[in-house]
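Counting in full-length UniProt numbering, the sequence shown runs without a single skipped number right up to 133 at its last residue.
A virtual CB, placed ideally from N, CA and C, is assigned to each residue, including glycine.
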Amino acid sequence: MEPQPTAVERLLSIRESIDNIDAALVHLLAERFKFTQTVGYLKADAGMPPSDPDREVQQIKRLRTIAAESHLDPDFTEKFLNFIVAEVIQHHVRIASGDDPTGPISTSGLSDSAASDSAASDSGARDSDGSPE
Ligand SMILES: C=C(O[C@@H]1C=C(C(=O)O)C=C[C@H]1O)C(=O)O
């Protein structure tokens, strides 16, 4: 009979999958923030407001349904979406004011360490070295 994996071996194997999923989440978020950055410029150019509460209501309704079908807590899902959308709206406000947190303006004139401090505190699309894309 084959020896069974130990608890530690099973834990390490499961953690490999958790790490893969975490990496996928970061990649997905990076792509999402690239698209929302484009929306931010589109809205600023067209004079549209940074947030769209009606759209957010629809997104929450839709994602709560998907979460329930997937056995994920809908309240957690709503909080997670709100967390991301709040960050997006902050970016849109800054884009409209000419101070794009993910663009070339925000870190220009800062020292390297100040620029990377700023990159660490912001979320959104950046290259791996913290420089704007
Ligand atoms: C991206 C948009 O801007 C805001 C951000 C949203 C989001 O991150 O999904 C949704 C609605 C808006 O409050 C948009 O209007 O589509």
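The alpha helix (DSSP H) that contains L72, what's its start and end?
No alpha helix (DSSP H) holds L72; DSSP gives it neither H nor E.
If I'm right that residue 134 touches E56 with Cβ under 8 angstroms, what's the distance once you round it to whole angstroms?
As displayed, the chain neither begins before 1 nor continues past 133, which places residue 134 out of reach and without an answer.
Decide if G47 is buried, meaning its Cβ has at least 16 other Cβ atoms within 10 Å, or exposed.
exposed
Whether I60 touches E78 by CB criterion (8 angstroms)
yes
Would you say the beta carbon of Q58 comes nearer than 7 angstroms to a heavy atom of ligand 1?
no
How many Å lie between S13 and A7 at the Cα?
10 angstroms
Quick check on E87: does DSSP put it in helix, strand or coil?
helix
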